[in-house]
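Those sequence lines, one after another, are chains G and D. Under my numbering, residues 203 to 541 are what the first sequence spells out, in order. Under my numbering, residues 124 to 920 are what the second sequence spells out, in order. The beta carbon of each residue, even a glycine, is placed where N, CA and C say it ideally should be. Given the structure is predicted, the values throughout are model-derived calculations rather than measurements. The structure appears below as structure tokens.
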Amino acid sequence: MQEKLEKIREQATKALESETLLKELEDLRVQYLGKKGELTAVLRGMGSVEPEERPAIGKLANEVRENIEGLIDKKKKELEKLAQEQQLDEEVIDVTMPGKKIRIGKMHPIQKTQEEVENIFLGMGYEVVDGREVETGYYNFDALNLGPDHPARDEQDTFYFTRDMMLRTCTSPVQVHTMESQKPPIRMVAPGKVYRSDEVDATHSPVFHQIEGLVIDKDITFGDLKGALAEFAKSLFGDKAKVKFRPHYFPFTEPSAEVDVSCVMCDGKGCNICGGTGWIEILGCGMVHPKVLEMAGIDPEVYSGFAFGMGLERITMLKYSIHDLRLFYENDVRFISQF
Amino acid sequence: MNVPMSWLKQYVDIDCDIVTFTDGMIMSGSNIETYKETGEEISKVVWAKITKVEAHPDADRLRVMQVDAGQDKELQIVTAADNVDLGDVIPLALDGATLADGLKIKSGKLRGVESQGMMCSVEELGFEVDEVEDAPENGVYVCKYNVLLGDDVKPFFGLGETVVEYEITSDRPDCFSILGLAREAAATFNKPFNYPVITVPEIGEDARQMADIEIQNEDLCPRYAARIIKNVKVGPSPKWLKDHLISAGLRPINNIVDITNYMLLEFGQPMHAFDYDKLVDKKIIVRNAKEGEKIVTLLEEEVDLDPSMLVIADPEKPIAIAGIMGGEDTMVTEDTKTILFECANFHGPNIRESSKKLGIISDSSIKYTKGLDPNNVGPALDRAAQLVAEVGAGEVVSEVIDIYPKVREPITISYDPDEINKFLGTKIEEDVMIDYFTRLEFIVDRSNKKVTIPTFRPDITIMADLAEEVARLYGYDKIEPTLERGRPTVGLKTREQQIKDLIRQVMSLHGVYGAMTYTFESPKVFDLLKIEEDSKLRDVLEISNPLGKDFSIMRTTTLNGMLTSISTNYNRRNESAALYEIGKIFIKDEEKELPKELEKLTIAMYGPETDFYTLKGIIESLFESLKCSDRVEYTRNNDASWMHPGRRADIVQGNKRIGTFGEIHPDVSRNYNIKTRVYFAEIDIASLLEITKLEEEFKPLPKYPSISRDIAILVKEDILAGDIAKIINQRGGKYLERYKLFDVYYGEQVEEGYKSMAYNITFRSPDKTLKEKEVTKTIKKIIHGLETNFEAEIRDH
Chain G
203 MQEKLEKIRE QATKALESET LLKELEDLRV QYLGKKGELT AVLRGMGSVE
253 PEERPAIGKL ANEVRENIEG LIDKKKKELE KLAQEQQLDE EVIDVTMPGK
303 KIRIGKMHPI QKTQEEVENI FLGMGYEVVD GREVETGYYN FDALNLGPDH
353 PARDEQDTFY FTRDMMLRTC TSPVQVHTME SQKPPIRMVA PGKVYRSDEV
403 DATHSPVFHQ IEGLVIDKDI TFGDLKGALA EFAKSLFGDK AKVKFRPHYF
453 PFTEPSAEVD VSCVMCDGKG CNICGGTGWI EILGCGMVHP KVLEMAGIDP
503 EVYSGFAFGM GLERITMLKY SIHDLRLFYE NDVRFISQF
Chain D
124 MNVPMSWLKQ YVDIDCDIVT FTDGMIMSGS NIETYKETGE EISKVVWAKI
174 TKVEAHPDAD RLRVMQVDAG QDKELQIVTA ADNVDLGDVI PLALDGATLA
224 DGLKIKSGKL RGVESQGMMC SVEELGFEVD EVEDAPENGV YVCKYNVLLG
274 DDVKPFFGLG ETVVEYEITS DRPDCFSILG LAREAAATFN KPFNYPVITV
324 PEIGEDARQM ADIEIQNEDL CPRYAARIIK NVKVGPSPKW LKDHLISAGL
374 RPINNIVDIT NYMLLEFGQP MHAFDYDKLV DKKIIVRNAK EGEKIVTLLE
424 EEVDLDPSML VIADPEKPIA IAGIMGGEDT MVTEDTKTIL FECANFHGPN
474 IRESSKKLGI ISDSSIKYTK GLDPNNVGPA LDRAAQLVAE VGAGEVVSEV
524 IDIYPKVREP ITISYDPDEI NKFLGTKIEE DVMIDYFTRL EFIVDRSNKK
574 VTIPTFRPDI TIMADLAEEV ARLYGYDKIE PTLERGRPTV GLKTREQQIK
624 DLIRQVMSLH GVYGAMTYTF ESPKVFDLLK IEEDSKLRDV LEISNPLGKD
674 FSIMRTTTLN GMLTSISTNY NRRNESAALY EIGKIFIKDE EKELPKELEK
724 LTIAMYGPET DFYTLKGIIE SLFESLKCSD RVEYTRNNDA SWMHPGRRAD
774 IVQGNKRIGT FGEIHPDVSR NYNIKTRVYF AEIDIASLLE ITKLEEEFKP
824 LPKYPSISRD IAILVKEDIL AGDIAKIINQ RGGKYLERYK LFDVYYGEQV
874 EEGYKSMAYN ITFRSPDKTL KEKEVTKTIK KIIHGLETNF EAEIRDH
């Protein structure tokens, strides 16, 4: 009996040592330890063993069982490890092959600039107001201090439907609507499409985008206008950006100014982009004309304010050194994908 | 407006360099586009005298000359010019010279003989032959004046002048003149302004006895003045006058025309000369044209007049279109003996209207359009008369015929230094302000705090205008930037703006690019788009003055703009493109003054991996992101004629269609030159805004497990998945969590005309573990519904 057990142990050890396949390992377990296995068969013969020997044999049998089980487990771990290593070896891939592309869309560059500008002014407490594109003569002209005889009303600049209905030539009508419906303090910007009768070329388009701003409260000064726009220019063009205010004329502001920003390309040293002057004109502005306030129902004796406006195409072209405005309206994905 | 510096300097003593000058002028409000030197492209052209002439040994047409160009050694020139000879003084381009057209001159051999330069014609110096006195029609210019050999020829020809180009704003009609700009320069640099001294040598008689003037429309002609010039000698102007005109960019013609042009520049005042002898009854009537009246202009064109236009007439006929152009009948010719010189003031807007109607724009109409000061008429007319006498163009008859019924008086307004400082954010002393006002020729009454504004400054009417004058002379750059300290406001985007931002984000995340298209287009697009003749979309808003037919109507659909962009991408061989735009369409509104402006989200795409369901997936994602998927349904569309009739869908909310999408009809694609399938969607933004939920709503994660079942059914091909989904929804009971169509199969084992559809349906209860029995019961209900509604055959469950 004892011998048989030892033999089983010996055979099992041998068999396990030479075993290389994980799936055969279970067969071995059945062969030796299973219900119909060799060990079980030997133990079935316990009846023929002398009763006094039984404890010793039982102990040995258990030892052999544990022994074999231990060996099987050990072997199993070894083989599993080996199998995994083999699998990992087989699963080598070319990591330099291209990834599976998930295309992300892009915003239109004009929209992107618009949002940048909006965000700067939102941060300064301005609201963003949208408005109509078809306007009446009152909102597009009269309320902005452009009387019936003003040359800016000329058909050369404006697209008309009827004598009193036209495509807005700037987003200022939105400011008028806002002044009529809100009480100061007012801080707002109005972005949107505007229309002027210009033939399409590299720097002109009959449809383009503007963003115009308006601030009205008590004691707003020309110095405040300068301060607000200097902050804006720094936020948009970087901390080094300087601004220069030149006197100009707009019917709806007095005093009025054009604002140059130091050239972003050459830091004001003078280059092709700025025509060697170091400055680039980016916006028009001024103190809201008292007549404009009055017409909108705001008392110019109590309130003052400033307004400003800029072309988004122009700013976008400056920011990215784009030289042909037509690119914005072709919508070639190779262009838009760059922003 | 081009102003030669030397001309300006006659009236103000500017001694700084040109950069300081232009910077100063720009910062005080006279914007300068650019400045340049006339003839700056010309270099190394000097006076030389021909000292020896010989024949060329090898060429009959050429001669070899020695010239003295003021250098140590004489130069040898080979020339083909046949109008020059020994002793002539000529402009000589030396070795290394450049001429007006950019041509560079180099020494070299001509037919074997060394030539060290070139003799120049006036054309080579940038002139027309008739612009330079004595210039031969063909050949080298020969100078008859005493010049120094070796000297640069430019000063002689009036070249080398610095000309400054100003951009004058419409509020400053006074600055459309050299005197106006000289006045500005004087104020800017704090120099005296030297108004010209005008003295008119008169010959007696009385002009007022020689002609009669009547103004019938005082609104359109506030002032009409005239002088009479006798013994007129029409001829070339003297050199100084010609040089002034040339450097300002005008061509000299004859002394009379040149003087009117000179006045146009110097005083900004148009003038017109009539041949006095041709005036019927020596009477001038300023009146509106009569219906059907015509005039032949001095450009020999007959134009039709209408009663809105003002004319200058004699008792018989119009002799000029007021302020715009003279008539041929009374124009000054070489035979003219007596001239009536008109100097008048006309109503700017009327001149602009008439000029536009007639399609005639003249130097004179341009000036009048700005709105001129009637008080400038007197001095201008006298100055012109003075010039006539000075250049010997004729003799000035005494007295002026001057009809000026309502004299324009200067206005007086108050100023308040504190108010001005408060407005500007400055601390400028009153003394300084008064100095600025005085420099601008405002008359200051300090004790009453009032200023009287000269009539040439109609732009100054209120205190804000005075503030601007102070600010610009003080210097905008010296005003401290401050941060406004008004009451605070919060900068927040509106709900609508936030939703639109979200839409853009969703588009980006799905690989769709932002586009921008024109909102006006051609009326032809409706045919290209296969839109029916009676479609409401054809009821468009038309632009009355479009840039052309192609840009003449406001769009009622975004189809054309997007398909045009898709076509551009396709024809540039971009493998795929996906574009979106948020933009408006314009619909006439009979009840309101203005049209409806409806904002639309448009998506268009093509590409190898793009089909109807790609687009639909994006749309579904969008509604999911806007948290309103459950508010919309998709149904077959049956009226979008521009789409594939079997692949078009409506997005419906309640009874309202809020969008349409599908595959573009092949005919339409072909019309846009797109040879691939295009998918297109147009969704109404306002409707989206209505159903969007921006607020996040938290639901706890499920605590109990779900149970899923797969069922496969066989139905007729034309049964819609959407209808099946409805049954599942209706019969799924309260524990239905979700379902998914995971397979649609045609072909083997499926009867012709049928399809197999496989669904995975999941149930879950929020408060217990579901029992198989409960689920089986519900599934049976669903299956029963499918069987009765669609004659579905259950293949598997």
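Opposing strand residues paired with D/Pro214 [DSSP bridges]: In the second sequence, residue 214 of chain D corresponds to position 91, counting from 1. In the DSSP output, where bridge partners are listed per residue, D/Pro214 has D/Trp170.
query: Going along the chain, which residues of its own chain have a beta-carbon closer than 6 angstroms to the beta-carbon of G/Glu329, five neighbours each way excluded?
result: Numbered from 1 along the first sequence, position 127 holds the residue referred to as residue 329 of chain G. Here the set comprises Met390.
- prompt: Which of helix, strand or coil does DSSP assign to D/His633?
  reply: What you label residue 633 of chain D is simply residue 510 of the second sequence in a count that begins at 1. Secondary structure of D/His633 (DSSP, three-state): coil.
message: Please give me, in chain order, every unbroken run of the alpha helix (DSSP H) with length at least 4 that falls completely inside the region 458–499 of chain D.
response: 471–481 and 486–492
- prompt: Can you check whether the CB of D/Ala203 is closer than 8 angstroms to the CB of D/Gly240?
  reply: The residue you call residue 240 of chain D lines up with position 117 of the second sequence. The residue you call residue 203 of chain D lines up with position 80 of the second sequence. No, the Cβ-Cβ distance between D/Gly240 and D/Ala203 is not below 8 angstroms.
query: What does D/Met333 pair with, by DSSP beta-bridge criteria?
result: Counted from its first residue, the second sequence places residue 333 of chain D at position 210. Note: D/Met333 sits in no beta bridge, so no partner.
- prompt: In angstroms, rounded to a whole number, what distance separates the CA positions of D/Leu282 and D/Lys401?
  reply: The residue given as residue 282 of chain D occupies position 159 in the second sequence. The residue given as residue 401 of chain D occupies position 278 in the second sequence. Straight-line Cα distance between these residues: approximately 40 angstroms.
query: Can you list, in chain order, the residues of its chain whose CB lies under 6 angstroms from that of D/Met333, leaving out five sequence neighbours each side?
result: Along the second sequence, read from residue 1 onward, the residue named residue 333 of chain D stands at position 210. Here D/Met333 has Ile351 as same chain residues with Cβ atoms under 6 angstroms from its own Cβ, once five neighbours each way along the sequence are excluded.
query: Over what stretch of residues does the beta strand (DSSP E) that includes D/Lys719 continue unbroken?
result: The residue given as residue 719 of chain D occupies position 596 in the second sequence. First-last of the beta strand (DSSP E) with D/Lys719: Lys719 to Tyr729.
Opposing strand residues paired with G/Asp180 [DSSP bridges]: The structure shown does not extend to residue 180 of chain G, since chain G is modelled only from 203 to 541, so the question has no answer here.
message: Between D/Met556 and chain G, is any beta-carbon pair separated by less than 8 angstroms?
response: As a first step, residue 556 of chain D must be located in the second sequence, where it is residue number 433. D/Met556 does not count as touching chain G.
query: So, is the C-beta of G/Glu496 closer than 8 angstroms to a C-beta in chain D?
result: As a position in the first sequence, residue 496 of chain G is number 294, starting the count at 1. G/Glu496 does not count as touching chain D.
Chain-order list of residues whose beta-carbon lies under 6 angstroms from that of D/Cys266 (same chain, five-residue window excluded): In the second sequence, the residue the question calls residue 266 of chain D occupies position 143. Cβ neighbours of D/Cys266 beyond the five flanking positions: Val212.
message: Mapping the DSSP letters down to three states, classify D/Asn206 as helix, strand or coil.
response: Counting from 1 along the second sequence, the entry for residue 206 of chain D is found at position 83. It is coil, neither helix nor strand.
- prompt: Between which two residues does the alpha helix (DSSP H) carrying G/Lys314 extend?
  reply: Along the first sequence, one-based indexing puts residue 314 of chain G at 112. Residues Pro311 to Gly325.
message: Among the candidates G/Phe452, G/Glu221 and G/Cys487, whose CA atom is the shortest distance from the CA of G/Glu282?
response: Within the first sequence, the letter at position 80 stands for residue 282 of chain G. Comparing Cα-Cα distances from G/Glu282 to each of G/Phe452, G/Glu221 and G/Cys487, the minimum goes to G/Glu221.
message: Let's see if you can read the secondary structure: which residues bound the beta strand (DSSP E) around D/Ile884?
response: Within the second sequence, residue 884 of chain D is the residue found at index 761, counting from 1. First-last of the beta strand (DSSP E) with D/Ile884: Tyr877 to Phe886.
- request: Give the straight-line distance between the Cα atoms of D/Pro472 and G/Arg355, rounded to the nearest whole angstrom.
  value: Residue 472 of chain D sits at position 349 when you count from the first residue of the second sequence. Residue 355 of chain G sits at position 153 when you count from the first residue of the first sequence. The C-alpha of G/Arg355 is placed about 11 angstroms away from the C-alpha of D/Pro472.
- prompt: Which residues of chain D have a Cβ atom closer than 8 angstroms to the Cβ of G/Gly425, listed in chain order?
  reply: Counted from its first residue, the first sequence places residue 425 of chain G at position 223. What G/Gly425 touches in chain D: Leu547, Gly548, Thr549, Ile602, Glu603, Pro604 and Thr605.
field: Straight-line gap, D/Asp398 to D/Ala308 (C-alpha atoms, nearest Å)
entry: Mapped onto the second sequence, residue 398 of chain D falls at position 275. Mapped onto the second sequence, residue 308 of chain D falls at position 185. Approximately 38 angstroms, taken between the alpha carbons.
task: Just list the alpha helix (DSSP H) runs in the region 412–465 of chain G, keeping only unbroken ones of 4 residues or longer that don't cross its boundaries, in chain order.
output: With a minimum length of 4 residues, the continuous alpha helix (DSSP H) runs that stay inside the region 412–465 of chain G are 424–439.
- request: For the beta strand (DSSP E) holding D/Ile435, just list the boundary residues, first then last.
  value: Numbered from 1 along the second sequence, position 312 holds the residue referred to as residue 435 of chain D. D/Ile435 -> beta strand (DSSP E) spans Leu433 to Ala436.
field: Element boundaries [alpha helix (DSSP H), containing D/Thr783]
entry: As a working note, residue 783 of chain D is residue 660 in the second sequence. Here D/Thr783 belongs to no alpha helix (DSSP H); instead the beta strand (DSSP E) covers Lys779 to Ile787.
field: Collapsed DSSP secondary structure at D/Thr456 in the structure displayed
entry: For the purposes of this step, residue 456 of chain D is identified with residue 333 of the second sequence, where counting begins at 1. If DSSP states are grouped into helix, strand and coil, D/Thr456 belongs with coil.
field: Option nearest D/Arg595 by Cα separation, candidates G/Val463, G/Glu532, G/Pro457 and G/Leu514
entry: Along the second sequence, one-based indexing puts residue 595 of chain D at 472. Nearest option by C-alpha distance: G/Pro457.
message: Taking the alpha-carbon of D/Asn697 as reference, which of D/Gly730, D/Gly684, D/Thr681 and D/Ile676 has the nearest alpha-carbon?
response: Stepping through the second sequence from its first residue, residue 697 of chain D is reached at position 574. Restricting attention to D/Gly730, D/Gly684, D/Thr681 and D/Ile676, the CA atom closest to the CA of D/Asn697 is found in D/Gly730.
- prompt: Along the region 616–634 of chain D, what residues have a CB closer than 7 angstroms to any CB found in chain G?
  reply: Against chain G - using a Cβ distance shorter than 7 angstroms - the residues of the region 616–634 of chain D are Lys616, Gln620, Arg627, Met630, Ser631, Leu632, His633 and Gly634.
Of the residues G/Val378, G/Leu348 and G/Gly394, the one placed nearest G/Val319, counting alpha carbons only: Along the first sequence, one-based indexing puts residue 319 of chain G at 117. For G/Val319, the nearest C-alpha among the options comes from G/Gly394.
field: Proximity test, Cβ basis, 8 angstroms: G/Arg370 and chain D
entry: What you label residue 370 of chain G is simply residue 168 of the first sequence in a count that begins at 1. It does not: the Cβ of G/Arg370 has no partner Cβ on chain D nearer than 8 angstroms.
- request: Run through the region 303–348 of chain D for me and flag every whole alpha helix (DSSP H) of 4 or more residues, listed as ranges in chain order.
  value: 330–333
message: One question on the structure: do D/Ile536 and D/Lys573 come within less than 8 angstroms of each other, judged by their Cβ atoms?
response: Position 413 of the second sequence holds residue 536 of chain D. Position 450 of the second sequence holds residue 573 of chain D. D/Lys573 is positioned such that its CB atom lies closer than 8 angstroms to that of D/Ile536.
message: Less than 8 angstroms between C-beta atoms, sequence neighbours within five positions excluded: which residues of the same chain meet that for G/Leu224?
response: One-based indexing of the first sequence puts residue 224 of chain G at position 22. Excluding positions up to five away in sequence, the list reads Lys278, Leu281, Glu282 and Ala285.
- request: Compute the Euclidean distance between the alpha carbons of D/Leu651 and D/Ser764, then round it to the nearest angstrom.
  value: One-based indexing of the second sequence puts residue 651 of chain D at position 528. One-based indexing of the second sequence puts residue 764 of chain D at position 641. Roughly 11 angstroms between the two C-alpha positions.
query: What are the partner residues of D/Phe643, as DSSP defines its beta bridges?
result: Taking the second sequence and counting its residues from 1, one reaches residue 643 of chain D at position 520. D/Phe643 pairs with D/Met677.
field: Supposed close pair D/Val519, D/Val511 - CB separation, criterion 8 angstroms
entry: As a position in the second sequence, residue 519 of chain D is number 396, starting the count at 1. As a position in the second sequence, residue 511 of chain D is number 388, starting the count at 1. Between D/Val511 and D/Val519 the Cβ distance is about 6 angstroms, and since that is below 8 angstroms, they are a contact.
message: Please list, in chain order, the chain G residues whose beta carbon lies closer than 7 angstroms to that of D/Tyr641.
response: Reading the second sequence from its first residue, position 518 is the one you call residue 641 of chain D. Residues of chain G passing the Cβ test: Val409 and Tyr531.
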